[in-house]
Amino acid sequence: MHLIADEVAVGFGRTGTLFACEQAGITPDFLCLSKGLTGGFLPLSAVLTREPVYEAFYDEYASLRAFLHSHSYTGNPLACTAALATLDIFRDDDVIARNRPLAAHLGHRAGGLAELRHVAEVRQQGMIVAVELARDGDRHRPFDWQERRGLRVYQHGLRHEALLRPIGNVVYFMPPYVITPDEIDALVATARAGIEAATCD
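No gaps in the numbering here: position 38 of the sequence shown is 41 in the numbering used here, and each next residue is one more.
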């Protein structure tokens with residue numbers, strides 16, 4: 004049995020370490036990467052695996068065990084150049100260490116959302132914050148999914164130049180690493196107003 008770590012959204016420092024699986028003390032057999040690999044500038048993904056897995060599928064075509072798989076944009080040189088530049092930035096600028104005070108500020112400011120009547124929980128890991136909405140803050144009384152409360156917060160954010168990602172009744176903050184403390188304050192203020200507007204009825 005092989006362990007697959009999907010680091011597409013949480014890799015490259017998003018959770019506070021280069022890869023989230025490091026925090027669990029595990030080494031996966033497959034590591035799926037994308038998004039942060041190019042700093043979000045161009046689409047590129049990669050799957051890293053161990054040598055025995057690679058060798059199991061590496062053979063002559065006639066053996067019928069070769070894993071022949073590719074995409075139209077496999078190895079796109081422009082995307083690969085963006086990835087190399089991103090990796091250089093991570094190495095030279097100590098991005099993860101630079102993010103720590105930003106993550107602390109984000110957590111402090113977003114933590115204040117827990118006082119809102121219809122917020123059940125505010126969770127954080129590194130540069131990710133999740134705000135769970137529920138009636139009267141009771142996780143056992145979720146809003147009906149058809150009411151799309153998270154979408155309402157998202158739409159409020161767009162009207163105020165803020166991108167907040169809803170998944171059901173959970174609103175996520177995943178700001179870019181170049182965000183400033185003042186921009187974090189504005190983002191949280193917009194989220195607060197959006198949550199209040201989305202849960203007032």
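Ideal placement from N, C-alpha and C gives every residue a C-beta, glycine not left out.
Between the alpha carbons of residue i and residue j, how many angstroms are there, rounded?
i, j, result
"Gln26", "Gly19", "9 Å"
"Pro137", "Thr202", "Correcting the residue type first, residue 137 is Ala in the shown sequence and not Pro. Cα-Cα distance, rounded: 9 Å."
"Gly78", "Glu150", "43 Å"
"Val132", "Gly160", "15 Å"
"Ala106", "Asp204", "32 Å"
"Leu109", "Pro184", "8 Å"
"Ala123", "Ile198", "12 Å"
"Phe176", "Arg53", "33 Å"
Taking the alpha carbon of residue i as the reference point, which residue from the options has its own alpha carbon closest?
i, options, result
"His141", "Arg101, Val132 and Asn172", "One detail in the question is off: residue 141 reads as Asp in this sequence, not His. Closest by alpha carbon: Asn172."
"Tyr57", "Pro80, Val132, Leu47 and Phe33", "Phe33"
"Gly16", "Asp97, His121, Ala59 and Leu81", "Asp97"
"Phe60", "Glu186, Gly39 and Phe70", "Phe70"
"Pro55", "His5, Ala49 and Gly43", "His5"
"Thr30", "Ser37, Leu21 and Lys38", "Leu21"
Hey, quick one: how far does the alpha helix (DSSP H) through residue i stretch, first residue to last?
i, result
"Phe22", "Segment: none, Phe22 is in no alpha helix (DSSP H) and carries neither H nor E."
"Phe44", "Taken as a continuous stretch (DSSP letters only), Phe44 belongs to no alpha helix (DSSP H), as it is neither H nor E."
"Pro104", "Val98 to Gly114"
"Ala194", "Pro184 to Ala201"
Could you give the C-beta distance for residue i and residue j, rounded to a whole number, given that I count them as a contact under 8 Å?
i, j, result
"Ala8", "Cys35", "7 Å"
Starting from residue i, trace the beta strand (DSSP E) in both directions and tell me its first and last residue.
i, result
"Gln49", "Per the sequence presented here, residue 49 reads as Ala, with Gln not at that position. Ala49 to Thr52 is the span of the beta strand (DSSP E), which, as asked, contains Ala49."
Under 8 Å from any heavy atom of the ligand FAD, does the C-beta of residue i make it?
i, result
"Gly171", "With respect to the ligand FAD, the structure shown offers nothing to examine, as it has no ligands at all."
Would you be able to state if there are at least three C-beta pairs under 8 Å between the region 86 to 106 and the region 116 to 126? no
Does the region 41 to 51 come within contact of the region 80 to 94, defined as at least 3 CB pairs closer than 8 Å? yes
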